[in-house]
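Novice:
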Amino acid sequence: MTRLALTFLLASSVAVSPLAAATANNADSQTIEYRKQWHSDVLTGYQNLATQGQALSSQAASYCQAPSPEGLEQTKQAWLEAFLAWQQVRFVDFGPVEQGNRAWQFQFWPDPKNLVARKASYLLKDEAPITPEKVSESGVAVQGFPMAEYLLYDQAFANGEEALPAGRSCKLLVAVTRHIADNGQSLANDWQGFQSNYLGSDQYTDTTIRSAMAGLEILEERRLATPMGLRGNGKRSVYSADAWRSEASLAAMGASVQGLKQSFLPAFSKLLTDRKQPDLAEQIAQQFDEVLANFPELDRPMAPLLADDNGYKLLQSLYIDITQLTSLVNDRAAVELGVVRGFNSSDGD
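If you count by mature numbering (1 follows the signal peptide of the UniProt record, and there is no 0), then the sequence shown holds residues -21 to -1, 1 to 328, one letter each, in order.
(1) Tell me, to the nearest whole angstrom, how far the beta carbon of leucine 151 is from that of leucine 166; I am working on the premise that it is less than 8 Å.
(2) Using the beta-carbon count (16 or more within 10 Å), is glycine 139 buried or exposed?
(3) Count the C-beta pairs between the segment 65 to 85 and the segment 145 to 164 that are closer than 8 Å, then say yes if the count reaches three, no if not.
(4) Mind checking which residues open and close the alpha helix (DSSP H) that includes arginine 81?
(5) So, at 6 Å on beta carbons, what are the nonlocal neighbours of phenylalanine 274 in its own chain, with the 5 sequence-adjacent residues on each side left out?
(6) Quick one: Cα of arginine 254 to Cα of alanine 313, how far?
(7) Note the first and the last residue of the continuous alpha helix (DSSP H) segment covering valine 68.
(8) Express the C-alpha separation of tyrosine 13 and phenylalanine 247 in angstroms, rounding to a whole number.
(9) Shorter than 6 Å, the distance from the beta carbon of asparagine 138 to the closest heavy atom of the ligand ZN, or not?
(10) Pick out the complete alpha helix (DSSP H) segments inside the segment 186 to 270, 4 residues or longer, and give them in chain order.
(11) Using the C-alpha atoms, what's the distance from glycine 50 back to threonine 184?
(12) Among the candidates Gln295, Tyr25, Leu239 and Asp258, whose CA atom is the shortest distance from the CA of glutamate 315?
(13) How is threonine 10 classed by DSSP in three states: helix, strand or coil?
(14) For the alpha helix (DSSP H) holding proline 108, just list the boundary residues, first then last.
(15) Are at least three pairs of beta-carbons, each pair with one atom in the segment 86 to 106 and one in the segment 115 to 127, less than 8 Å apart?
(16) What's the gap between the Cα of lysine 240 and the Cα of phenylalanine 267?
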């Protein structure tokens, strides 16, 4: 049974661990210190997302006001930087990011029915004006990075009559990137306002650990194993990966691991050390470095690696390293801390 399958069997049996034994009104002073660091580190990540989202929105508007090939490339780069900033905080699946399906607003994925492309086609052919309000009411498939990615990178779209900088396409790009920027800023503000609740309830210690566990499971099972043909129908397919249009699937994985290392690992290592597991804390830190050592070699398109057996070996090496990291965190550390993995809404279903 895969680790992800086990997740669903545990969905109805989430236990209260020793770490969450204190009541919300009597938070343990030691666990508050871990949450203080987590809150601060995640806030830094959210603020970076807000900054990069604003830069993307401004660049998209500038490009559409005065289109040029150079401006298009600058807009693609701004998209990538903002998208990678989202990847770094993507593992956080609780708190303000749950409100209004915010995580799905940032990234509608998986998209097996190619709803992003279908929604884009509908909006571009519709006669209704494309406005921020139209984007807000059109659903999560329209509102985030995949829609902007489609407009900027999709090859079939780029060769069609509606390719950028066509008027309606530019209006959609500007409205979508504005939505991303506003969403990023409101998320950073709301996380800052969430501080007292987060620090005041010991349940959020386990919740934070579970969010990292879920992020690693999704990375291992869905974002890497599935396109490699190790899950699902057993066939290699880049279309099972996220960000395949921009060829940023692997770069996004690297950013997610880097984000976990920056925003989750420091407090987690201290927690393990305080629970008399310093060797395990060191092993996990070293395994994070092992995973990241696969980059920047793997900061390249996934499709050619899937098609070539020698290239595929690079993906296998990455997969082994991520599997080992997931096992250390989700199996060994979770057992030591008494944290039971439960269902979470960001599993992609």
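Note that the Cβ used here is the ideal one computed from N, Cα and C, for glycine as well.
Specialist: Short version:
(1) Taking the first residue of the sequence shown as position 1, residue 151 is located at position 172. Taking the first residue of the sequence shown as position 1, residue 166 is located at position 187. Not really, about 22 Å apart at Cβ, beyond 8 Å.
(2) Translated into the one-based positions of the sequence shown, residue 139 becomes position 160. Exposed.
(3) Yes: at least three Cβ pairs fall under 8 Å.
(4) Mapped onto the sequence shown, residue 81 falls at position 102. In this chain, the alpha helix (DSSP H) harbouring arginine 81 covers 81 to 85.
(5) Here the question's residue 274 lines up with position 295 in the sequence shown. Gly233, listed in sequence order.
(6) As a working note, residue 254 is residue 275 in the sequence shown. As a working note, residue 313 is residue 334 in the sequence shown. For arginine 254 and alanine 313, the distance between alpha carbons rounds to 12 Å.
(7) Working through the sequence shown from its first residue, we reach residue 68 at position 89. Bounds of the alpha helix (DSSP H) holding valine 68 are 48 to 68.
(8) Within the sequence shown, numbered from 1, the residue matching residue 247 stands at position 268. Within the sequence shown, numbered from 1, the residue matching residue 13 stands at position 34. Each residue's alpha carbon lies about 7 Å from the other.
(9) The ligand ZN is absent from the structure shown, which contains no ligands of any kind.
(10) If we require 4 residues or more, the alpha helix (DSSP H) runs fully inside the segment 186 to 270 come out as 228 to 242 and 244 to 253.
(11) Indexing the sequence shown from 1 puts residue 184 at position 205. Indexing the sequence shown from 1 puts residue 50 at position 71. Across the structure, threonine 184 and glycine 50 are spaced so that their CA atoms are roughly 44 Å apart.
(12) Taking the sequence shown and counting its residues from 1, one reaches residue 315 at position 336. Here the closest residue by C-alpha is Asp258.
(13) Counting from 1 along the sequence shown, the entry for residue 10 is found at position 31. Helix at threonine 10.
(14) The sequence position of residue 108 within the sequence shown is 129, counting from 1. The continuous stretches of alpha helix (DSSP H) do not include proline 108, and DSSP gives it neither H nor E.
(15) Cβ pair count under 8 Å is three or more, so yes.
(16) Numbered from 1 along the sequence shown, position 261 holds the residue referred to as residue 240. Numbered from 1 along the sequence shown, position 288 holds the residue referred to as residue 267. Each residue's Cα considered, the two are about 7 Å apart.
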